[in-house]
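Peer 1: Okay, so the sequence shown: first residue is -19 according to this note's numbering, each after it adds one.
All C-beta atoms in this analysis are idealised placements derived from N, C-alpha and C, irrespective of residue type, glycine included.
My questions will all concern the structure given below.
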Amino acid sequence: MGVIRIKDRAGRDHEVEAVEGWRIMEIIREHGFEVEGLCGGACACATCHVEVCETWSDKLHPAREDEEAMLDELPLIHPGSRLSCQIIYTPELDGLAVRLVNGA
Ligand code: FES
């Protein structure tokens, strides 16, 4: 079992346990942080939007076309913007740092 790091909307840092095979969106929600994930991970709502820390962006698989399309519909995106339901936790992502964004 590894961890991911979450910066909440107030700027506070948290380190939480992560489970292999779970979506980052599920891990964030499991620990009580506010990420809606309305479509349940079907890449159809973008309410699971997070910003991935710059040092981790290159270590993730690139966003697929459908994820890019959903991100394009958001009013504000960041260089590390991703849909957290589209990132599956693996041991290689131990320590992954994400920031919860306002208006996700
Ligand atoms: S939960 Fe809907 S796009 Fe991620």
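Under a three-way DSSP split, which group does Ala49 fall into?
Peer 2: Reduced to three states, the DSSP call for Ala49 is helix.
Peer 1: Given a threshold of 16 other Cβ atoms within 10 Å of its Cβ, counted over all protein chains shown, does Glu45 qualify as buried or as exposed?
Peer 2: It counts as exposed.
Peer 1: What are the boundary residues of the alpha helix (DSSP H) that includes Glu6?
Peer 2: Here the alpha helix (DSSP H) through Glu6 covers Ile4 to Glu10.
Peer 1: Does the beta-carbon distance from Ser37 to Gly17 come in below 8 Å?
Peer 2: It is not a contact, given that the beta carbons lie outside the stated cut-off.
Peer 1: Name the one or two DSSP bridge partners that Ile68 has.
Peer 2: Answer is Arg3.
Peer 1: If you follow the beta strand (DSSP E) that Glu34 is in, where does it begin and where does it stop?
Peer 2: Per DSSP, Glu34 belongs to no beta strand (DSSP E); it is in the alpha helix (DSSP H), Glu34 to Ser37.
Peer 1: Which term fits Met50, buried or exposed, when burial requires 16 or more other beta carbons within 10 angstroms of its beta carbon?
Peer 2: It is buried - the Cβ of Met50 has at least 16 other Cβ atoms within 10 Å.
Peer 1: Among Val32, Cys23 and Val(-1), whose alpha-carbon lies nearest the alpha-carbon of Cys65?
Peer 2: Here the closest residue by C-alpha is Cys23.
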